[in-house]
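Structure first, then comments.
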RNA sequence: GGAGAGAUGGCUGAGGGGUCGAAAGCGCUCGCCUCGAAAGCGAGUAGGUGGGUAAGCCCUGCCUCGUGAGUUCGAAUCUCACUCUCUCCGCCA
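Numbering (the numbering used here), first residue to last: 914 to 1339.
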């Protein structure tokens, strides 16, 4: 959420930022609502002030045994006025909040200007795509041929965009989760969390999924809970409505969760294989940082995610998203894209963002400066560290051998019971 | 799912219509004392949002005692609904 004060004081700058992001927002209407609210608030506060004073006086008169009927009568009328004004203000407030919740974050000044993914900037590359002197297979063929992935039975028990992992395939998924968590907790200083997968509406609003993206979310029919689309949602919200100590910042959390996405608008894209699923696994990194450190924290968070791919020996590149390609809540985003032979291209496997105070304002997450003084909003960041299903796909495809087997990356072997190669169904 | 109890400031915990945004204790901060520390003594110590002032650790309005509504001139205090926590019972991996 943007700061209404900023919008009020600097509507042109906000408009400019929104344009960069490609958002259409009726700022005039918002400002009108705000002005009216402030005007009526001034009125009602004057009335309340008077009522408070007179009520005190009534108390004194009663104690002294004197008559207070005139004042009481007058205040009855003032009370009616206050009630009417309060009601109007409540209505204005609700409308204002609705509008604010639907305005996206503004891009940071270092974000390149552009309308869509074509304007994204490659920042760096690591490794080089493998050259195969045999017909390379896509992971959906490798996985099925080796008995690791069963899309047909997943379709039977659930439906499209679900996968059943089997044998070493299932173990590979589990091994990756453990490998990633061990790396981030053991070497990168993150605290491991295991949060609920179902959350309430306030939590979804806190991180920015709602109210705008209702159709992308799964909702549980009989109690209104939402299935989390990413661990970012529960983990960022653990400090909702809290005032943190400055000396406790930055806070680093990592969590493995399943993630659930309806992806209403994505029908027809990435229909084969593990790339786009209704349920997938992800290890997430979340940070709470002081505002003046958040961009340094974004760099290190991105490096932490990259380290996963390096250790697995997967070629990747880092892309700085342009203003028009960034998500609703983000001020700056680096995508990590892993090389996928079946796409003959790099494919997103992690998205690392600084939300500045956009989420903190929605979720009311603040800190008190060490020297005392006014509370400030923290900056929140997160990034995938990394998406597990896509990593499985990348390993299968990049580590495939001419005989259709798959070599296990060395870093993963301890997690695979020493297995070095997946050769086929028993 | 059933029955009961509860929700107050960083924490414990009083207050049950009128100078209560709130006793007391703990904690914390500052000062005194000390070579230093502890103890002791003194002072301060919730959040939000407006206004005043050139600005402020200065003055000031309004709101907040789980949330929302109601009664009243006036609500932490009375009424209703909801949420959450705890205890017991039932069910359950």
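Using N, Cα and C, we set each Cβ at its ideal position, and we do this for glycine too.
In this structure, the alpha-carbon of residue 1332 lies about 15 Å from that of residue 1313. Shown here for residue 1039: same chain residues with a beta carbon closer than 6 Å to its own, the five before and five after excluded, namely 1229 in chain order. Between the alpha carbons of residue 1052 and residue 1259 lies a gap of roughly 15 Å. Nearest Cα to residue 1197 within the set 1290, 1270, 1300 and 1208: 1300. Residue 1240 carries a coil assignment under DSSP once its states are collapsed to helix, strand and coil.
DSSP places residue 1071 in no alpha helix (DSSP H); its state is neither H nor E. Residue range 1301-1311 is occupied by the alpha helix (DSSP H) that includes residue 1307. Here DSSP, grouped into helix, strand and coil, assigns residue 1272 to helix. Looking at the DSSP output, residue 1252 sits in a beta bridge with 1259. Residue 1015 carries a coil assignment under DSSP once its states are collapsed to helix, strand and coil.
For residue 1171, DSSP records a beta bridge to 1194. With respect to the C-alpha of residue 947, the residue from 937, 971 and 1001 having the closest C-alpha is 1001. Short of 6 Å from the beta carbon of residue 1181, and not among the five residues preceding or following it, lies no beta carbon of its own chain. Rounded to whole angstroms, residue 1149 and residue 925 show a C-alpha spacing of 31 Å. Each of 1203, 1178, 1065 and 1251 was checked against the Cα of residue 1226, and the nearest Cα belongs to 1251.
Contact between residue 1237 and residue 1017 is absent: CB atoms are separated by about 11 Å, not below the 8 Å threshold. Where residue 1090 is concerned, the enclosing alpha helix (DSSP H) starts and stops at 1081-1099. In the displayed model, residue 1150 falls within a helix according to three-state DSSP.
The three-state reading of DSSP puts residue 972 in helix, counting H, G and I together. In the structure shown, residue 1296 falls within a strand segment according to DSSP collapsed to helix, strand and coil. Judged by DSSP in its simplified three-state form, residue 957 adopts helix. Counting only the Cα atoms, residue 1143 lies some 9 Å from residue 1193. For residue 950, the closest C-alpha among the options 1231, 1005 and 1117 is that of 1005.
Approximately 6 Å separates the beta-carbon atoms of residue 1217 and residue 1298; this is inside 8 Å, confirming the contact. Here residue 1185 carries a coil assignment [DSSP, helix/strand/coil]. In the DSSP assignment, residue 1036 falls within the unbroken beta strand (DSSP E) covering 1034-1039.
Remark: three or more beta-carbon pairs, one from each stretch, lie closer than 8 Å, so the region 1265-1282 and the region 1109-1124 are flagged as touching.
DSSP, reduced to helix, strand and coil, places residue 1002 within a helical segment of the structure shown. Contact between residue 1325 and residue 1073 does not hold, since their C-beta atoms are separated by about 29 Å, which reaches or exceeds 8 Å. Between the C-alpha atoms of residue 1082 and residue 1090 there is a straight-line separation of about 13 Å. In the three-state DSSP reduction, residue 1288 falls in the coil class, being neither helix nor strand. If you draw a straight line from the Cα of residue 1125 to the Cα of residue 1015, it is about 6 Å long. In the structure shown, the three-state DSSP call for residue 1076 is coil. The C-beta distance from residue 1249 to residue 1263 rounds to 4 Å, short enough to fall under 8 Å. Cβ contact annotation for residue 1058 (same chain, cutoff 8 Å, sequence separation greater than five): 1050, 1317 and 1337, in chain order. When 1231, 1265 and 1223 are compared, the shortest CA-CA separation from residue 1208 is found for 1265.
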